[in-house]
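Participant: For reference, the structure I am asking about is given below.
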Amino acid sequence: MTWPNLQLGTTVLNIELLVYLAAGIAGALAVQYRQRRNPEKERQIGDAWNAVFIWLLVWKGSLFLFDPAGVIARPLSLLFFSGGTRGIWLASLVALAYLFLRHYRREGVREAAKLAASWGGVMLVATMIGYTALGPLESKGGVRIDQAAPDVGLTTLDGREVRLSDYRGSTVVMNFWATWCKVCQAEMPHVEKFYQEHKDRGIVVLSVNATTQERSADLVGPYAERHRLSFPIVLDDKGEALNQYGVTAYPTTYIIDSSGRVKGRYLGAFSYESMKKAVKNAE
Numbered sequence: 001m002t003w004p005n006l007q008l009g010t011t012v013l014n015i016e017l018l019v020y021l022a023a024g025i026a027g028a029l030a031v032q033y034r035q036r037r038n039p040e041k042e043r044q045i046g047d048a049w050n051a052v053f054i055w056l057l058v059w060k061g062s063l064f065l066f067d068p069a070g071v072i073a074r075p076l077s078l079l080f081f082s083g084g085t086r087g088i089w090l091a092s093l094v095a096l097a098y099l100f101l102r103h104y105r106r107e108g109v110r111e112a113a114k115l116a117a118s119w120g121g122v123m124l125v126a127t128m129i130g131y132t133a134l135g136p137l138e139s140k141g142g143v144r145i146d147q148a149a150p151d152v153g154l155t156t157l158d159g160r161e162v163r164l165s166d167y168r169g170s171t172v173v174m175n176f177w178a179t180w181c182k183v184c185q186a187e188m189p190h191v192e193k194f195y196q197e198h199k200d201r202g203i204v205v206l207s208v209n210a211t212t213q214e215r216s217a218d219l220v221g222p223y224a225e226r227h228r229l230s231f232p233i234v235l236d237d238k239g240e241a242l243n244q245y246g247v248t249a250y251p252t253t254y255i256i257d258s259s260g261r262v263k264g265r266y267l268g269a270f271s272y273e274s275m276k277k278a279v280k281n282a283e
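UniProt numbering puts the first residue of the sequence shown at 1, with every later residue one more than the last.
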């Protein structure tokens with residue numbers, strides 16, 4: 001599953017981070033309750049909270065392990081992206097190993113395993129509840145899931161007019177962005193990588209600049225050259241696409257299938273791995 005984000009006004013909240021944080025806190029509280037009569041409860045509770053911090057740190061930091069060149073080039077990406085599913089597994093193993101190793105010498109394998117299981121089990125349950133409860137958020141927005149995508153007219157950087165219907169028969173990743181958007185800047189290398197690997201597979205990347213939100217349309221071309229972006233960029237110079245798709249925060253990405261129907265809407269930073277999953281689900 002690709003996690004939805006949540007929009008509050010023009011602010012996009014990272015739901016994935018919030019759910020994992022809540023799950024870790026739930027696990028730590030479970031350990032606190034279980035150890036309430038233990039004379040050494042303070043130490044064990046402290047270890048549980050440390051495990052939450054370690055999990056989040058390894059999960060976010062795993063991006064450097066899996067994409068070191070990208071992180072070195074754009075350190076800001078650590079704020080918006082993580083190591084994905086591999087990062088989750090790595091963070092979980094490291095946090096559980098930390099809890100186990102902290103306790104097995106003093107309390108034995110059995111008690112150490114119980115403590116780790118208490119924290120890990122509650123965190124897993126809380127995460128699954130988050131998956132179930134937050135999945136429907138993905139369908140909210142300016143257009144509904146399975147609705148026909150509005151056939152808007154857009155202008156290429158060289159002045160030609162194109163319409164979304166020109167790409168009928170191909171899956172379209174329609175990404176709304178602006179040059180001043182810091183999250184968009186972190187996302188662009190992911191879009192570029194996805195485009196390079198999928199441009200010959202019947203998948204279209206249509207990068208829609210929110211031109212009415214820019215100081216000048218003349219900023220867009222130099223921006224693309226400076227960041228070495230090769231995917232198609234079009235200008236929404238009349239704000240028609242923003243209005244019809246209900247875009248009020250950047251970046252926002254729509255997945256449109258080959259028949260022209262909306263299959264997904266994603267707010268905030270959209271990673272390469274998430275794009276692959278979203279497109280696969282739309283096919």
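Quick reminder that beta carbons are idealized off the backbone N, C-alpha and C, glycines included.
Just so you know, these numbers come straight off a predicted model, no measurement behind them.
Thinking C-beta only, is G24 closer than 8 Å to S62?
Facilitator: Taking the sequence shown and counting its residues from 1, the one referred to as residue 62 is at position 62. Taking the sequence shown and counting its residues from 1, the one referred to as residue 24 is at position 24. No, Cβ-Cβ distance for S62 and G24 is not below 8 Å.
Participant: Taking one C-beta from the segment 67-80 and one from the segment 179-190 each time, how about it: are there three or more such pairs within less than 8 Å?
Facilitator: yes
Participant: Need the endpoints of the beta strand (DSSP E) that E273 sits in, please.
Facilitator: Here residue 273 refers to the residue found at position 273 of the sequence shown. E273 -> not in any beta strand (DSSP E); alpha helix (DSSP H) instead, spanning Y272 to A282.
Participant: Taking only the alpha-carbon atoms, compute the straight-line gap between W55 and K41 and give it to the nearest angstrom.
Facilitator: As a position in the sequence shown, residue 55 is number 55, starting the count at 1. As a position in the sequence shown, residue 41 is number 41, starting the count at 1. So the alpha carbons of these two residues sit roughly 21 Å apart.
Participant: So F231 is in the alpha helix (DSSP H); what residue range does that whole segment cover?
Facilitator: As a working mapping, residue 231 is identified with position 231 in the sequence shown. Segment: none, F231 is in no alpha helix (DSSP H) and carries neither H nor E.
Participant: Looking at C-beta atoms only, is the number of pairs between the segment 146-163 and the segment 187-199 that lie closer than 8 Å three or more?
Facilitator: no
Participant: Provide the residue span of the alpha helix (DSSP H) that contains E192, from first to last.
Facilitator: Counted from its first residue, the sequence shown places residue 192 at position 192. Run containing E192: K182 to H198, per the alpha helix (DSSP H) assignment.
Participant: Nearest-angstrom Cα distance between V173 and A97?
Facilitator: Within the sequence shown, residue 173 is the residue found at index 173, counting from 1. Within the sequence shown, residue 97 is the residue found at index 97, counting from 1. Inter-residue distance for V173 and A97 is about 40 Å (C-alpha atoms, whole angstroms).
Participant: Counting along the chain, where does the beta strand (DSSP E) carrying Y254 start and finish?
Facilitator: To locate residue 254, count along the sequence shown from 1; it is residue 254. Here the beta strand (DSSP E) through Y254 covers T252 to I256.
Participant: Would you list the one or two residues that DSSP bridges to T85?
Facilitator: Here residue 85 corresponds to residue number 85 of the sequence shown, with the count starting at 1. Answer by DSSP bridge pairing: none, since T85 is not bridged.
Participant: In this structure, does DSSP put E214 in helix, strand or coil?
Facilitator: As a working note, residue 214 is residue 214 in the sequence shown. When DSSP states are grouped into helix, strand and coil, E214 belongs to the coil group.
Participant: Name the residue from A26, M275, L99 and L164 whose alpha carbon lies nearest to the alpha carbon of residue 333.
Facilitator: Because the chain here runs from 1 to 283, residue 333 falls outside it and cannot be looked at.
Participant: Taking N50 as the reference, give the member of P68, F81, D67 and V94 with the closest Cα.
Facilitator: As a working note, residue 50 is residue 50 in the sequence shown. Cα-wise, what sits closest to N50 is V94.
Participant: Can you grab the Cα-Cα spacing for the pair V234 / A22, in whole Å?
Facilitator: Start at 1 with the first residue of the sequence shown, and residue 234 comes out as number 234. Start at 1 with the first residue of the sequence shown, and residue 22 comes out as number 22. Spanning the two alpha carbons is a distance of roughly 39 Å.
Participant: Considering R37, what are the terminal residues of the alpha helix (DSSP H) in which it resides?
Facilitator: Reading the sequence shown from its first residue, position 37 is the one you call residue 37. Per DSSP, R37 belongs to no alpha helix (DSSP H) and is neither H nor E.
Participant: Between which residues of its own chain and E240 is the CB-CB distance below 6 Å, once the five residues before and five after are set aside?
Facilitator: By one-based count along the sequence shown, residue 240 stands at place 240. Around E240: V152.
Participant: Tell me where the beta strand (DSSP E) around Y266 begins and ends.
Facilitator: Along the sequence shown, one-based indexing puts residue 266 at 266. V262 to L267 is the span of the beta strand (DSSP E), which, as asked, contains Y266.
Participant: If you follow the alpha helix (DSSP H) that residue 293 is part of, which residue opens it and which one closes it?
Facilitator: Lying outside 1 to 283, the shown extent of the chain, residue 293 is not represented and no answer is given.
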